[in-house]
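2 protein chains.
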Amino acid sequence: MEIEKCEVTVIHENVVRAVKEQMPDEDKLVATAELLKVFGDPTRIKIICALLKAEMCVCDLSALLDVSQSAVSHQLKTLKQARLVKYRRDGKVIYYSLDDEHIGRIFEAGYEHVMED
Amino acid sequence: MEIEKCEVTVIHENVVRAVKEQMPDEDKLVATAELLKVFGDPTRIKIICALLKAEMCVCDLSALLDVSQSAVSHQLKTLKQARLVKYRRDGKVIYYSLDDEHIGRIFEAGYEHVMED
DNA sequence: CTCTCATATGAACATCTGTTCATATATATA
DNA sequence: TATATATATGAACAGATGTTCATATGAGAG
Chain A
6 MEIEKCEVTV
16 IHENVVRAVK
26 EQMPDEDKLV
36 ATAELLKVFG
46 DPTRIKIICA
56 LLKAEMCVCD
66 LSALLDVSQS
76 AVSHQLKTLK
86 QARLVKYRRD
96 GKVIYYSLDD
106 EHIGRIFEAG
116 YEHVMED
Chain B
6 MEIEKCEVTV
16 IHENVVRAVK
26 EQMPDEDKLV
36 ATAELLKVFG
46 DPTRIKIICA
56 LLKAEMCVCD
66 LSALLDVSQS
76 AVSHQLKTLK
86 QARLVKYRRD
96 GKVIYYSLDD
106 EHIGRIFEAG
116 YEHVMED
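Protein chains in written order, with our numbering: chain A, 6 to 122; chain B, 6 to 122.
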């Protein structure tokens with residue numbers, strides 16, 4: 006009958022119950038974490054920030070950010086999977102752009118917070 | 006005199022130059038990535054979401070989220086270091102809350118994007 | 001001062017992540 | 001078809017990350 010105290014102790018039952026009712030679905034929270042995680046890497050956020058200004062191809066991003074072509078390509082794959090960027094092909098060149106104006110809002114929210122210190 | 010092609014090839018010089026001028030400081034972008042990275046974990050985003058509703062102590066968070074006391078405490082440390090949460094002591098109990106209403110904005114921006122699919 | 005309990009912390013460990021390197025794919029051009 | 005170039009991809013590896021476990025710290029109660 007060994008029960009660790011803190012696993013079970015709830016100091017403010019009413020608060021916990023009230024908040025529990027207001028909490029969004031677990032799935033949605035996990036999805037939100039997964040989305041924001043994609044913004045949480047220097048290379049990726051630079052790509053996002055760059056694409057906020059103009060659509061660009063892999064070589065341009067590579068030169069602009071001073072990151073290898075392979076690294077850019079790998080990160081673009083991550084961004085694609087998270088549906089943050091879309092692309093169009095024109096001959097040999099593939100142009101990437103942000104999938105959605107919404108993406109900018111998330112970036113801005115983070116950036117503004119950083120600038121307010 | 007070996008130069009890999011893509012490291013140097015810039016297909017759209019003018020675009021790259023223009024975007025480069027508009028890019029924020031490297032530091033700020035890295036800081037933004039570091040900030041958003043903190044939101045990119047299921048446990049932490051749940052803590053943030055919970056504290057959006059009410060200030061809570063470690064035990065309550067542990068019970069609410071069904072995560073061990075130790076894990077909650079470790080994550081609160083991360084959140085503290087990123088200045089996302091603040092705390093006040095009342096006897097044995099330490100109450101955590103969001104440091105800033107701004108934090109909610111970032112969460113909401115991500116959450117809303119998730120809900121729009 | 002001692003006991004209890006809320007919280008913090010350090011080490012260990014398994015997993016995840018981002019880059020590099022080598023190579024493959026796809027498209028245009030000669 | 002052969003070659004050049006833009007991009008993608010898989011394996012490998014080092015470093016980061018999140019949890020657990022054991023233990024420490026700090027404050028109130030007795």
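Note that CB positions come from ideal geometry on N, CA and C, so glycine has one too.
For chain A, the residues of the region 38–53 of chain B that bring a beta carbon within less than 7 Å of one of its beta carbons are 38, 40, 41, 42, 44, 45, 46, 47, 50, 51, in chain order.
Assigned with DSSP and collapsed to three states, residue 102 of chain A falls in strand. From the beta-carbon of residue 35 of chain A, the residues of chain B found nearer than 7 Å are 47. Residue nearest to residue 24 of chain B within the set A/117, A/67, A/97, A/83 is A/67 (criterion: CA-CA distance). With at least 16 other beta carbons inside 10 angstroms of its own, residue 80 of chain A counts as buried. If you check the CB distance, residue 90 of chain A and residue 70 of chain A do not come in under 8 Å. From the listed residues A/52, A/36, A/18, A/107, the smallest Cα separation to residue 82 of chain A is found for A/52. Counting only the Cα atoms, residue 101 of chain B lies some 7 Å from residue 56 of chain B.
For residue 120 of chain B, the number of other beta carbons within 10 angstroms of its own is below 16, and it is reported as exposed. At a cut-off of 8 Å between C-beta atoms, residue 68 of chain B counts as an interface residue with respect to chain A. Between residue 36 of chain B and the set A/39, A/47, A/60, A/30, the nearest pair of CA atoms involves A/47. When beta bridges are read from the DSSP output, residue 91 of chain A appears opposite A/102. For the region 91–116 of chain A, the residues whose beta carbon sits under 7 Å from a beta carbon of chain B are, in order, 98, 107, 110, 111, 114, 115, 116. For residue 85 of chain A, the closest Cβ of chain B is not nearer than 8 Å. Only 15, 16, 17, 20, 21, 23, 24, 25, 27, 28 from the region 15–28 of chain B bring a Cβ to less than 8 Å from some Cβ of chain A.
A straight-line Cα-Cα distance of about 39 Å links residue 58 of chain A and residue 92 of chain B.
Closest in alpha carbon position to residue 97 of chain A, among A/64, A/44, A/50, is A/64. Per DSSP, residue 28 of chain A has no beta bridge partner at all. If you draw a straight line from the Cα of residue 27 of chain B to the Cα of residue 110 of chain A, it comes to about 17 Å. Around residue 88 of chain A, the same chain offers 104 as residues with beta carbons nearer than 7 Å, after the five sequence neighbours per side are excluded. Not a single CB atom of chain A sits nearer than 8 Å to the CB of residue 76 of chain B. The straight-line gap separating the alpha-carbon atoms of residue 60 of chain B and residue 33 of chain B is approximately 30 Å. If you check the CB distance, residue 45 of chain B and residue 42 of chain A come in under 8 Å.
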